[in-house]
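Scroll down for the structure; my scribbles are underneath it.
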Amino acid sequence: MMKTDIEIAQECMMEPITKVAEKAGIPEEYLEQYGKYKAKIDYNFLKKSDKEDGKLILVTAINPTPAGEGKTTTTVGLADALQRMGKKPMVALREPSLGPVFGMKGGAAGGGYAQVVPMEDINLHFTGDFHAIGAANNLLAAMIDNHIYQGNDLNIDPRKIVWKRCVDMNDRQLRFITDGLGGRVNGVPREDGYDITVASEIMAILCLSKDIADLKERLGKIIVGYTYGKIADQKPVTAHDLHAEGAMCALLKDALKPNLVQTLEHTPAIVHGGPFANIAHGCNSLTATRMAMKLADYAITEAGFGEDLGAEKFLDIKCRMAGIKPDAVVIVATVRALKYNGGVAKPDLNEENLEALENGIPNLMKHVDNIKNVYGLPCVVAINAFPTDTKAELDLVEEKCKEVGVNVALSEVWAKGGEGGLKLAEEVVRLCEEPGDFHYAYELEGTIEDKLDQIVQKIYGGNKAVLTAAAQKQVKQLTDLGFGNAPICMAKTQYSLTDDPKKLGAPKDFDITVRNLKVSAGAGFIVALTGDIMTMPGLPKVPAAERIDVDDEGRITGLF
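Residue numbers (our numbering): 1020 to 1579.
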């Protein structure tokens, strides 16, 4: 019987984090230990190091399915494989949110023999970064309501407050609340709501900030609400207007420092930041990626969910803001997930079905086409191997990829660790030497509608973005406020290239309905909400939390 992820992780003899740091080339004065196996790296190291940046490899995937793809597992296994080849790699991953860990999706520390450890710590409180983000978010919320209670000198309209409180948990009960009840002494009554912490703009800001000064400036730009008056007369009210950015920054000063851990094979790994990819930009921190590039010859990072969400935002938002670009891209797929896209029900995925596989492959081909032709980057398809995959099925995927000039590498890192990723690593090293012709999916100049259309047409393969009447008014307001040239962060279902999670494969002839637009002025982008995307998820009927326990020795079980 195969061991669970947590059993494999708990059997690992971890190296002291000081030894991992030494291997990575981190000077002792920049290391802040959190126990034996975790540490933070002082971001000032980036200012002092004059080492040339290493190669950057982005790992992305097809649209996720219940069959599983194994993107983080592939990312970790690729780094371990590169280490086995004698290279100097480093992983840069997002931190998991407690919401999915206790809900349905699970954590984000990899799986099988390709994991980052200590996985229990990483998947639970870790170094407290998310708590700091939640505290800074809620401090600002408290200061808004207190300002109104104390006389409202800024003339904030309580009905126009756009800043929500947050908690790092899936809790649908908190989506819409009424607070400030109980008489004048207990506040001003108003409708309110909670986001999950990973959807907070502060998470996005932390992950895009270059240093403390940049962080503080971005925090000050946060728009918390608008003043009384007709739409044309309403003025935005910022965190700076409330004099909140200094205290918020004080809460975040340590959270800005990337976290150092290790893989099961002791490859250095940075795990830092964690904005959701279907409601935020879905990448680890800019500081973490830069740090990995500075320390390693090969920095391997991933973007959330499928290429249409995570990779698009990594390339069009993060790379644009950071002035970086990947040298190669890995697109992860499984035969099972492609058959699911071809119409096979989850219970039947273990049976060979070449017809369904052929019907599902267009989903993979669309993502390959985007990376190669929209962005101009070299890529490889990594097929995450399952024991039920047949030779005929694997051959069919390889044949279809070769038709468009892309190689396929079978990845067996889940079962074999770094050894199972050697073929993928060899292809990645080769691709990193190929010339790329990187360009964005859209330029910042032009209208908000133009940028939405270009994402829908180029990345999703649809016709156009259709804006509701409310969204059209928001476009005008945001343009008038000077945000017309900001990049777009699409909040869309991860399960489909469309805004309908049930439309699998590579659909044609569809529109994307944008129902709401809001500016994240501190993060520097406009969020476009489509479909029924919510910024506060709920728990499933049987949450993962029901299986998690801890014994008398403090040993956690049931996490995976």
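We treat Cβ as the ideally placed atom computed from N, Cα and C, and that holds for glycine.
Pick from the options: whose alpha carbon is nearest that of residue i?
{"i": "A1251", "options": "L1497, T1554, S1515", "result": "L1497"}
{"i": "T1353", "options": "M1340, V1427, A1043", "result": "V1427"}
{"i": "K1421", "options": "K1435, V1387, A1098, G1439", "result": "V1387"}
{"i": "V1561", "options": "M1123, A1161, L1536, I1141", "result": "M1123"}
{"i": "N1378", "options": "A1484, D1176, E1412, K1391", "result": "E1412"}
{"i": "V1217", "options": "V1181, R1113, H1259", "result": "R1113"}
{"i": "K1107", "options": "G1131, V1204, A1315, A1128", "result": "A1315"}
{"i": "I1060", "options": "V1399, P1559, D1230, G1201", "result": "D1230"}
{"i": "F1064", "options": "E1071, M1109, K1527, I1045", "result": "I1045"}
{"i": "I1478", "options": "A1364, E1453, F1529", "result": "F1529"}
{"i": "R1191", "options": "M1555, L1500, E1071, T1576", "result": "M1555"}
{"i": "G1239", "options": "D1327, T1320, T1466, G1543", "result": "G1543"}
{"i": "L1283", "options": "E1438, D1164, Q1169, N1504", "result": "E1438"}
{"i": "V1538", "options": "P1255, A1028, C1031, R1103", "result": "P1255"}
{"i": "T1407", "options": "K1358, L1441, D1273", "result": "K1358"}
{"i": "R1209", "options": "Y1062, K1470, I1175", "result": "I1175"}
{"i": "L1261", "options": "A1307, V1243, G1248, Q1253", "result": "V1243"}
{"i": "G1541", "options": "D1551, T1320, A1375, P1506", "result": "P1506"}
{"i": "I1567", "options": "P1559, L1558, G1577", "result": "G1577"}
{"i": "D1551", "options": "I1241, G1361, P1520", "result": "P1520"}
{"i": "M1104", "options": "C1451, E1445, C1031", "result": "E1445"}
{"i": "Y1247", "options": "N1171, T1320, D1214", "result": "N1171"}
{"i": "A1258", "options": "E1051, M1032, Y1049, M1162", "result": "M1162"}
{"i": "V1351", "options": "I1241, S1068, K1344, T1320", "result": "T1320"}
How about residue i and residue j: do their beta carbons lie closer than 8 Å?
{"i": "A1347", "j": "A1111", "result": "no"}
{"i": "M1267", "j": "L1159", "result": "yes"}
{"i": "T1023", "j": "V1432", "result": "no"}
{"i": "L1429", "j": "A1100", "result": "no"}
{"i": "V1475", "j": "I1390", "result": "no"}
{"i": "K1183", "j": "D1211", "result": "yes"}
{"i": "L1516", "j": "V1349", "result": "no"}
{"i": "G1323", "j": "A1296", "result": "yes"}
{"i": "Y1132", "j": "A1401", "result": "no"}
{"i": "P1294", "j": "C1226", "result": "yes"}
{"i": "I1167", "j": "V1207", "result": "yes"}
{"i": "E1590", "j": "V1447", "result": "Coverage of the chain is limited to positions 1020 through 1579, which leaves residue 1590 absent and any answer about it impossible."}
{"i": "N1157", "j": "C1185", "result": "yes"}
{"i": "L1234", "j": "L1270", "result": "no"}
{"i": "D1499", "j": "T1549", "result": "no"}
{"i": "T1306", "j": "Y1053", "result": "no"}
{"i": "F1121", "j": "N1189", "result": "yes"}
{"i": "K1066", "j": "I1036", "result": "no"}
{"i": "K1332", "j": "C1508", "result": "yes"}
{"i": "L1471", "j": "V1533", "result": "yes"}
{"i": "L1200", "j": "N1360", "result": "no"}
{"i": "V1095", "j": "G1129", "result": "yes"}
{"i": "V1423", "j": "V1399", "result": "no"}
Write down the C-beta distance between residue i and residue j rounded to the nearest angstrom, noting that I regard them as a contact closer than 8 Å.
{"i": "Q1513", "j": "P1119", "result": "Contact doesn't hold; Cβ gap of about 12 Å is too wide."}
{"i": "H1285", "j": "V1039", "result": "7 Å"}
{"i": "A1263", "j": "K1385", "result": "No, A1263 and K1385 are not in contact; Cβ-Cβ is about 43 Å, not under 8 Å."}
{"i": "E1034", "j": "Q1281", "result": "6 Å"}
{"i": "K1419", "j": "I1380", "result": "5 Å"}
{"i": "S1116", "j": "F1149", "result": "7 Å"}
{"i": "L1373", "j": "L1415", "result": "6 Å"}
{"i": "F1405", "j": "R1355", "result": "6 Å"}
{"i": "G1325", "j": "A1058", "result": "Not a contact, Cβ separation roughly 32 Å."}
{"i": "L1328", "j": "K1511", "result": "6 Å"}
{"i": "M1109", "j": "A1043", "result": "6 Å"}
{"i": "T1466", "j": "G1440", "result": "With 8 Å as the limit, T1466 and G1440 do not qualify as a contact, their Cβ atoms being about 44 Å apart."}
{"i": "L1536", "j": "I1545", "result": "6 Å"}
field: Runs of alpha helix (DSSP H) lying entirely within the stretch 1344-1386, each at least 4 residues, in chain order
entry: 1354-1360
- prompt: Do the stretch 1191-1209 and the stretch 1298-1313 meet, that is, are 3 or more Cβ pairs less than 8 Å apart?
  reply: no
- prompt: Using 8 Å as the threshold, is the stretch 1219-1227 in touch with the stretch 1146-1166, meaning 3 or more CB pairs across them?
  reply: yes
- prompt: Any chance the stretch 1086-1103 sits against the stretch 1387-1400, with 3 or more Cβ pairs inside 8 Å?
  reply: no
message: Which complete beta strand (DSSP E) runs does the stretch 1258-1342 hold, if anything under 3 residues is left out?
response: 1278-1282, 1287-1290, 1317-1321
message: For a minimum of 3 consecutive residues, which ranges assigned as the beta strand (DSSP E) are wholly contained in the stretch 1448-1520?
response: 1483-1486, 1507-1510
- request: Indicate whether the contact test is met: 3 or more Cβ pairs, each with one atom in the stretch 1070-1077 and one in the stretch 1266-1284, closer than 8 Å.
  value: no
- prompt: Contact between the stretch 1335-1344 and the stretch 1454-1462: three or more CB pairs below 8 Å?
  reply: yes
- prompt: Taking one C-beta from the stretch 1287-1296 and one from the stretch 1311-1330 each time, how about it: are there three or more such pairs within less than 8 Å?
  reply: yes
query: Which parts of the stretch 1215-1241 are runs of the alpha helix (DSSP H), unbroken and 4 residues or longer, counting only runs that do not cross its ends?
result: 1220-1227, 1231-1240
Ordered list of alpha helix (DSSP H) runs contained in the stretch 1026-1050, each at least 4 residues: 1036-1043
message: Across the stretch 1358-1369 and the stretch 1481-1493, are there enough close Cβ pairs to call them in contact, namely three or more that are closer than 8 Å?
response: no
- request: Could I get the ranges of all uninterrupted beta strand (DSSP E) runs contained in the stretch 1142-1181, with 3 residues as the minimum, in chain order?
  value: 1175-1180
Runs of beta strand (DSSP E) lying entirely within the stretch 1053-1134, each at least 3 residues, in chain order: 1058-1060, 1074-1080, 1108-1112
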